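Only one structure is covered here, and it is reproduced in the block below.
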Amino acid sequence: MNTTEQTSKNFIENIIDQDLENGKNDSRVHTRFPPEPNGYLHIGHAKSICLNFGIAKKYDGGLCNLRFDDTNPIKEEDEYVDSIIEDVKWLGFDWQDRLYYASDYFAQMYTYAIQLIKAEKAYVCDLTADEIRAHRGTLKNPGAESPYRNRAIDENLDLFQRMKNGEFGNGSKTLRAKIDMESPNLNMRDPVMYRVLKAPHHRTGDTWCIYPMYDWAHGLEDSIEGITHSLCTLEFEDHRPLYDWFLEQLGVYHPQQIEFARLNMSYTIMSKRKLLRLVEEKHVTGWDDPRMPTISGLRRRGYTPKSIRNFAEKVGIAKRDNIVDMALLEHSVREDLNQHAPRVMGVLDPLKVVIDNYPEGHVDELEAINNPGNPDAGTRMVPFSRELYIERADFMEYPPRKFFRLAPGREVRLRYAYFITCQNVVKDDNGNIIELRCTYDPATKGGSAPDGRKVKGTLHWVSAPHAIDAEIRLYDRLFSVQNPGKEHDFVEDINPNSLTVLKECKLEPSLKNPEKRIIYQFERQGYYTPDLKEYSKDYPVFNRTVSLRDSWAKIEKAQQR
RNA sequence: UGGGGAGUCGUCUAAGGGUAGGACACCGGGUUUUGGUCUCGGUAGUUGGGGUUCGAAUCCCUGCUCCCCAGCCA
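Residue numbers (this note's numbering): 61 to 621.
If you want it as structure tokens, here you go:
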């Protein structure tokens with residue numbers, strides 16, 4: 061098995077190839093991942109991270125910076141900075157010593173702004189936010205020039221300095237680029253470069269009373285860092301003329317902005333604003349709730365960095381809007397986990413089985429394979445005794461066609477153990493099945509019959525006296541519709557059954573001291589991992605990462621129809 | 001009806017004048033001490049209409065549909 065599928069180049073790599081061929085940028089390739097620290101990273105960011113760091117890795121000598129675009133102190137916090145650093149690192153990427161902050165460039169940006177003022181390309185405007193909006197015009201109608209547009213250079217210089225010094229109140233003045241109020245591109249209608257904002261910044265404290273706007277700042281950040289290809293999402297396409305305009309007016313190094321389509325996935329949301337609302341309104345337990353599409357949520361759920369990187373590779377890069385099937389993400393994690401996850405046995409919904417002809421008090425230690433795909437993973441011993449648990453769903457009193465598991469009078473294999481035959485069904489007063497009485501064939505120890513007879517079903521099981529009690533959390537998609545929020549408020553689309561808590565699960569004793577961040581395969585069930593936050597020896601809690609593919613479920617479903 | 005983008009199997013993504021390919025999903029066969037894995041096979045696509053050409057997903061014309069833009073957010 062190899063994952064070196066022939067992956068064709070995406071359109072950005074084609075552009076880079078061309079640039080390299082033409083000797084552009086001294087044949088350097090330098091990208092950056094520029095998150096705003098105003099929330100946790102999600103799977104959509106992972107796509108961008110893999111793109112930017114991936115390109116740096118693919119090209120000889122390529123580099124990728126991690127840069128915090130922290131130009132709005134009102135929304136940004138160190139907590140987010142820390143989580144972003146952790147997540148990018150965890151995904152497996154390395155920015156070496158190139159961890160940057162836009163706020164480190166504030167002084168340089170200020171100097172550049174003065175340069176534009178002196179060139180009569182920027183002016184201080186006294187219009188209020190409402191007035192600026194009114195002057196901007198509409199999509200179809202041109203805007204009107206600000207009455208402050210033609211202030212003298214010296215006056216602009218003086219006013220701008222006083223803005224910086226904090227002499228004016230929040231929102232009272234802005235620095236604007238002098239471009240074209242009639243441009244069909246609204247971004248070019250004298251965009252605001254600086255706003256007065258007296259708010260403490262997470263890094264610069266109260267040093268600044270003015271903060272740069274994205275359009276002004278971002279190109280400068282790229283330019284200062286010598287970025288060659290500045291990759292961003294489609295909604296910034298309209299901003300590219302402005303990105304180019306600023307750099308051109310300044311006459312500084314000019315990176316190339318290239319836009320690609322952001323990731324969308326079925327049955328989830330990818331907007332930081334909406335994710336924040338899920339957290340604040342307690343629809344989830346936090347940013348790292350295992351149901352969240354955040355990197356931290358996926359990590360806690362049991363997703364591996366590699367599975368996320370492979371996923372990013374599979375979804376590709378293009379410019380068309382897309383909604384990627386959740387099944388692709390699940391496939392990616394199964395693909396990775398199948399190769400690496402140690403196999404164990406765990407019963408989620410236990411049904412007691414007593415082996416009547418098995419000697420009381422006796423225990424067999426049976427050898428079980430840790431990973432059938434990888435002999436190096438070795439084996440372990442699993443105890444077997446007279447009283448066991450099997451999965452309730454593995455028994456049916458009146459089995460339908462194609463049901464190969466246990467039923468009255470039927471013989472099945474207990475994995476790595478013995479063939480057993482169901483002799484009696486014990487019920488309580490309400491008719492609920494509470495126990496099965498079975499017999500075993502001692503000659504089938506290990507799971508095969510010397511006489512060569514076959515059984516159709518193999519069941520997982522746990523020895524009752526040896527079992528570890530555990531809580532297991534099963535997760536389903538967070539939303540019950542493909543495109544949450546399409547019809548109404550997205551909160552109404554939350555899947556009420558996104559979490560199922562099982563409290564009486566029985567696990568094999570080898571799971572007594574599970575390593576954190578190890579994802580196990582509970583055979584025939586799925587992949588499970590100790591919860592990073594709530595697992596304890598006294599109260600073991602496991603999260604289901606993803607179920608195994610279940611062809612019986614499909615047959616069952618088909619039979620119902 | 002201002003500007004900027006985008007339309008290829010159900011989904012994602014290649015092919016940029018020369019056999020429309022891959023992945024996921026789905027459906028079937030084989031192997032199997034996991035109804036897992038692996039393996040073999042199958043279904044399924046170029047937004048409509050014109051044109052150029054021996055030949056068009058690709059070039060031209062003309063429709064249609066979808067997405068983005070009127071923050072002192074990024």
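Cβ atoms here follow ideal geometry from the backbone N, Cα and C, with glycine treated the same way.
As the structure is a computational prediction, the values presented were derived from the model and not from experiment.
Using 8 Å as the threshold, is the C-beta distance between F71 and I109 below it?
no
Which residue marks the beginning of the alpha helix (DSSP H) containing W521, and which one marks its end?
Unbroken run through W521 is the beta strand (DSSP E), 521 to 523; no alpha helix (DSSP H).
Looking at the structure shown, is F228 part of a helix, part of a strand, or coil, going by DSSP?
coil
Quick one: using the 10 Å Cβ neighbour count with 16 as the cut-off for buried, is G104 buried or exposed?
buried
From N62 to D396, what distance separates their C-alpha atoms?
Residue placement at N62 is flagged as unreliable, the pLDDT there being 30, under the threshold of 50; the coordinate-derived value follows with that caveat. Cα-Cα distance, rounded: 11 Å.
Relative to the C-alpha of C565, which residue among E575, L126, P94, F582 is closest?
F582
Within a Cβ cutoff of 7 Å, which residues of the same chain sit near N430, ignoring the five residues on either side of it in sequence?
P402, R403, A437, G438, T439, R440
For the alpha helix (DSSP H) containing P365, name the first residue and the last one.
365 to 375
Could you check if L294 is buried or exposed, using at least 16 other CB atoms within 10 Å of its CB as the buried criterion?
exposed
Between the Cα of M248 and the Cα atoms of H278, W155, S232, R300, which residue gives the shortest distance?
R300
Suppose only complete runs of 3+ residues qualify. What are the beta strand (DSSP E) ranges in the segment 340 to 416, listed by chain order?
410 to 415
When burial is assigned at 16 or more other CB atoms within 10 Å of the CB, is S533 buried or exposed?
In the sequence on display, residue 533 carries Arg and not Ser. R533 comes out buried.
Taking the Cβ atom as the reference point for each residue, do V393 and T91 lie within a distance shorter than 8 Å?
no
Would W521 be called buried (16 or more neighbouring beta carbons within 10 Å of its own) or exposed?
buried
Under 6 Å Cβ to Cβ from Y588, same chain only, skipping five residues before and after it: list those, please.
Y580, F582, F602, R604
Beta strand (DSSP E) runs wholly inside the segment 75 to 122, at least 3 long, in chain order
90 to 93
Can you say whether E65 is buried or exposed, counting buried as having 16 or more other CB atoms within 10 angstroms of its CB?
Its pLDDT being 46, under 50, E65 is placed unreliably by the model, and nothing is read from it.
Per DSSP, what are the beta-bridge partners of K487 in this structure?
I493
Tell me whether D610 is buried or exposed, calling it buried when 16 or more other Cβ atoms sit within 10 Å of its Cβ.
exposed
Other residues of its chain near K379: CB distance less than 8 Å, five sequence neighbours each side excluded:
F71, L294, E319, F320, A321
Rounded to whole angstroms, what's the CA-CA distance from K107 to R369? Just pull it up for me.
8 Å
Just the C-alpha distance for H526 and K487, rounded to the nearest angstrom, thanks.
24 Å
Could you tell me which residues DSSP pairs with T293 in its beta bridges?
F320
Work out the CA separation of K617 and L280 for me, nearest whole Å.
58 Å
Of the listed residues D298, F93, N324, E146, nearest to A162 (C-alpha basis)
F93
Do the CB positions of F126 and I355 come within less than 8 Å of each other?
Phe is not the amino acid found at residue 126; the sequence shown has Leu there. In this structure, I355 does not lie closer than 8 Å to L126 by Cβ.
DSSP state of H195, grouped into three classes?
helix
Length-filtered (3 minimum) beta strand (DSSP E) runs lying within the segment 405 to 479:
410 to 415, 424 to 429, 439 to 444, 447 to 451, 471 to 474
Exposure label - E425; buried when at least 16 CB within 10 Å:
exposed
What residue range is occupied by the uninterrupted alpha helix (DSSP H) comprising Q581?
That residue, Q581, is in no alpha helix (DSSP H); its beta strand (DSSP E) goes 580 to 582.
Would you be able to state if there are at least three C-beta pairs under 8 Å between the segment 539 to 556 and the segment 496 to 514?
no
Rounding to the nearest angstrom, what Cα-Cα distance links K69 and I115 in this structure?
11 Å
Please check the pair T622 and P272, which I expect to be a contact at CB under 8 Å, by giving their CB distance rounded to whole angstroms.
Given a span of 61 to 621 for the chain in the structure shown, any question on residue 622 remains unanswerable.
Leaving out the 5 sequence neighbours to the left and right, which residues in its chain are closer than 7 Å to P460 when beta-carbon positions are compared?
Q619
Note the first and the last residue of the continuous beta strand (DSSP E) segment covering M169.
Premise fails: M169 lies in the alpha helix (DSSP H), 166 to 178, not in any beta strand (DSSP E).
Less than 8 Å separating the beta-carbons of I377 and L111?
yes
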